[in-house]
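Taking the UniProt record's numbering, I'd label the letters of the sequence shown as residues 1 to 147.
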Amino acid sequence: MLDRKFIGYEFEPSERTISRWKITQFANAIRDTNPIYYDLNEAKKQGYKDIPVPPTFFTRMAYSGKKNFYATLGIDYQKLLDGGREFKYYSQCVAGDTITYQTKVENVIEKEGSRGKMDIVTAITRGKNKETNEDIFDAIITLIVFH
(Lines of atoms letter the chains of each structure in order from A; the text may use other names.)
(Lines give C-alpha, C1' and ligand atoms only; values in the text may rest on other atoms or scores of the structure.)
Protein backbone atom coordinates (compact mmCIF):
# COMPACT_ATOMS: atom_id res chain seq x y z
CA MET A 1 0.00 0.00 0.00
CA LEU A 2 1.27 3.46 -0.89
CA ASP A 3 1.76 5.86 1.95
CA ARG A 4 -1.01 8.45 2.08
CA LYS A 5 1.55 10.97 3.36
CA PHE A 6 2.26 11.66 -0.32
CA ILE A 7 -1.14 13.31 -0.80
CA GLY A 8 -0.31 16.96 -1.45
CA TYR A 9 3.36 16.22 -2.15
CA GLU A 10 4.78 18.60 -4.75
CA PHE A 11 7.77 17.72 -6.87
CA GLU A 12 10.23 20.47 -7.66
CA PRO A 13 9.21 22.62 -10.64
CA SER A 14 10.80 22.08 -14.04
CA GLU A 15 11.20 24.38 -17.00
CA ARG A 16 11.35 23.71 -20.73
CA THR A 17 11.65 26.03 -23.70
CA ILE A 18 9.62 24.68 -26.60
CA SER A 19 11.54 24.38 -29.86
CA ARG A 20 10.20 24.14 -33.40
CA TRP A 21 12.27 20.99 -33.88
CA LYS A 22 10.63 19.26 -30.87
CA ILE A 23 7.16 20.23 -32.13
CA THR A 24 7.91 18.89 -35.62
CA GLN A 25 9.46 15.72 -34.18
CA PHE A 26 6.38 15.14 -32.02
CA ALA A 27 3.96 15.84 -34.90
CA ASN A 28 5.87 13.30 -37.00
CA ALA A 29 5.70 10.73 -34.20
CA ILE A 30 1.92 11.03 -33.93
CA ARG A 31 1.61 11.20 -37.73
CA ASP A 32 -0.13 14.55 -37.72
CA THR A 33 0.36 16.09 -41.16
CA ASN A 34 -1.22 19.46 -40.40
CA PRO A 35 1.15 22.01 -42.01
CA ILE A 36 0.94 24.39 -39.03
CA TYR A 37 3.27 22.00 -37.16
CA TYR A 38 5.93 22.12 -39.90
CA ASP A 39 5.70 25.48 -41.68
CA LEU A 40 6.02 28.81 -39.86
CA ASN A 41 4.35 30.72 -42.71
CA GLU A 42 1.35 28.37 -42.60
CA ALA A 43 1.11 28.73 -38.82
CA LYS A 44 1.20 32.53 -39.10
CA LYS A 45 -1.42 32.45 -41.87
CA GLN A 46 -3.69 30.63 -39.44
CA GLY A 47 -3.17 33.24 -36.71
CA TYR A 48 -0.36 31.78 -34.61
CA LYS A 49 2.70 33.84 -33.68
CA ASP A 50 4.90 30.76 -34.23
CA ILE A 51 4.50 27.01 -34.73
CA PRO A 52 1.93 25.75 -32.17
CA VAL A 53 2.25 22.59 -30.13
CA PRO A 54 -0.06 19.66 -30.95
CA PRO A 55 -2.66 18.98 -28.23
CA THR A 56 -0.97 15.90 -26.72
CA PHE A 57 2.53 17.42 -26.78
CA PHE A 58 2.47 17.96 -23.03
CA THR A 59 2.58 14.20 -22.35
CA ARG A 60 6.33 14.85 -22.50
CA MET A 61 5.93 16.99 -19.38
CA ALA A 62 3.85 14.56 -17.37
CA TYR A 63 6.10 14.73 -14.31
CA SER A 64 8.27 17.58 -13.00
CA GLY A 65 11.45 17.62 -10.99
CA LYS A 66 14.67 15.67 -10.94
CA LYS A 67 13.37 13.01 -8.57
CA ASN A 68 11.86 9.96 -10.21
CA PHE A 69 8.10 10.10 -9.62
CA TYR A 70 7.66 6.34 -9.27
CA ALA A 71 10.70 5.79 -7.02
CA THR A 72 9.73 8.70 -4.76
CA LEU A 73 6.29 7.20 -4.16
CA GLY A 74 7.68 3.66 -3.86
CA ILE A 75 5.81 2.35 -6.91
CA ASP A 76 6.94 -1.01 -8.30
CA TYR A 77 6.76 -0.88 -12.12
CA GLN A 78 5.69 -4.54 -12.22
CA LYS A 79 2.53 -3.68 -10.29
CA LEU A 80 1.71 -0.52 -12.22
CA LEU A 81 -1.11 0.05 -14.69
CA ASP A 82 -1.85 3.33 -16.47
CA GLY A 83 -5.34 4.36 -15.37
CA GLY A 84 -5.69 7.13 -17.94
CA ARG A 85 -4.72 10.68 -18.72
CA GLU A 86 -6.75 13.81 -19.11
CA PHE A 87 -5.54 17.15 -20.40
CA LYS A 88 -7.08 20.55 -19.88
CA TYR A 89 -5.86 23.40 -22.06
CA TYR A 90 -6.17 27.04 -21.09
CA SER A 91 -3.95 28.96 -23.48
CA GLN A 92 -2.00 28.34 -26.70
CA CYS A 93 1.67 27.42 -26.54
CA VAL A 94 4.01 27.97 -29.48
CA ALA A 95 7.67 27.46 -30.32
CA GLY A 96 9.85 29.80 -28.30
CA ASP A 97 7.61 29.77 -25.22
CA THR A 98 9.18 28.65 -21.95
CA ILE A 99 6.89 26.52 -19.82
CA THR A 100 7.31 26.02 -16.08
CA TYR A 101 5.52 22.97 -14.77
CA GLN A 102 5.09 21.23 -11.46
CA THR A 103 3.61 17.90 -10.42
CA LYS A 104 1.51 17.41 -7.30
CA VAL A 105 0.09 14.15 -5.91
CA GLU A 106 -3.61 14.94 -5.55
CA ASN A 107 -4.88 11.69 -4.04
CA VAL A 108 -4.09 8.10 -3.09
CA ILE A 109 -7.11 5.84 -2.59
CA GLU A 110 -7.07 2.15 -1.70
CA LYS A 111 -9.71 -0.01 -3.40
CA GLU A 112 -10.58 -3.68 -3.70
CA GLY A 113 -10.90 -5.11 -7.20
CA SER A 114 -11.16 -8.51 -8.89
CA ARG A 115 -7.33 -8.81 -8.71
CA GLY A 116 -7.19 -7.81 -5.06
CA LYS A 117 -6.26 -4.58 -3.34
CA MET A 118 -4.93 -1.65 -5.31
CA ASP A 119 -4.07 1.99 -4.88
CA ILE A 120 -5.45 4.61 -7.25
CA VAL A 121 -3.01 7.51 -7.50
CA THR A 122 -4.00 10.82 -9.06
CA ALA A 123 -1.33 13.37 -9.93
CA ILE A 124 -1.70 16.73 -11.64
CA THR A 125 1.02 18.54 -13.53
CA ARG A 126 0.27 22.22 -14.11
CA GLY A 127 2.08 24.14 -16.82
CA LYS A 128 2.38 27.93 -17.07
CA ASN A 129 3.98 30.28 -19.56
CA LYS A 130 7.04 31.60 -17.74
CA GLU A 131 6.92 35.01 -19.42
CA THR A 132 3.19 35.76 -19.11
CA ASN A 133 2.35 33.50 -16.12
CA GLU A 134 -0.70 32.30 -18.08
CA ASP A 135 -1.98 28.82 -17.33
CA ILE A 136 -1.23 26.59 -20.32
CA PHE A 137 -2.28 23.08 -19.32
CA ASP A 138 -3.19 20.63 -16.58
CA ALA A 139 -2.18 17.00 -17.12
CA ILE A 140 -4.22 14.75 -14.83
CA ILE A 141 -2.72 11.29 -14.57
CA THR A 142 -4.31 8.29 -12.90
CA LEU A 143 -2.21 5.28 -11.96
CA ILE A 144 -3.31 1.92 -10.60
CA VAL A 145 -0.81 0.17 -8.34
CA PHE A 146 -1.65 -3.40 -7.37
CA HIS A 147 -0.61 -4.68 -3.92
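Quick reminder that beta carbons are idealized off the backbone N, C-alpha and C, glycines included.
(1) For Asn129, list the residues DSSP reports as bridge partners.
(2) For Met118, which residues from the same chain have a beta carbon less than 7 angstroms from its beta carbon, with the 5 sequence-adjacent residues on both sides left out?
(3) Give the C-beta separation of Asn107 and Thr122 to the nearest angstrom, bearing in mind that I take them to be a contact with Cβ-Cβ under 8 angstroms.
(4) Who are Asn107's beta bridge partners in DSSP?
(5) Out of Thr142, Lys128, Met1, which has the shortest C-alpha to C-alpha gap to Gly83?
(6) Taking three-plus beta-carbon pairs below 8 angstroms as touching, is the region 28 to 38 in contact with the region 67 to 82?
(7) For the alpha helix (DSSP H) holding Arg20, just list the boundary residues, first then last.
(8) What residue from Asn129, Ile120, Gln46, Gly113 has the CA that sits closest to Ile140's CA?
With the structure as the only source:
(1) Ile99
(2) Lys111, Ile144, Val145, Phe146, His147
(3) 5 angstroms
(4) Thr122
(5) Thr142
(6) Between the region 28 to 38 and the region 67 to 82, the count of Cβ pairs shorter than 8 angstroms is below three; the stretches do not touch.
(7) 20 to 29 is the span of the alpha helix (DSSP H), which, as asked, contains Arg20.
(8) Of Asn129, Ile120, Gln46, Gly113, the residue nearest in Cα terms is Ile120.
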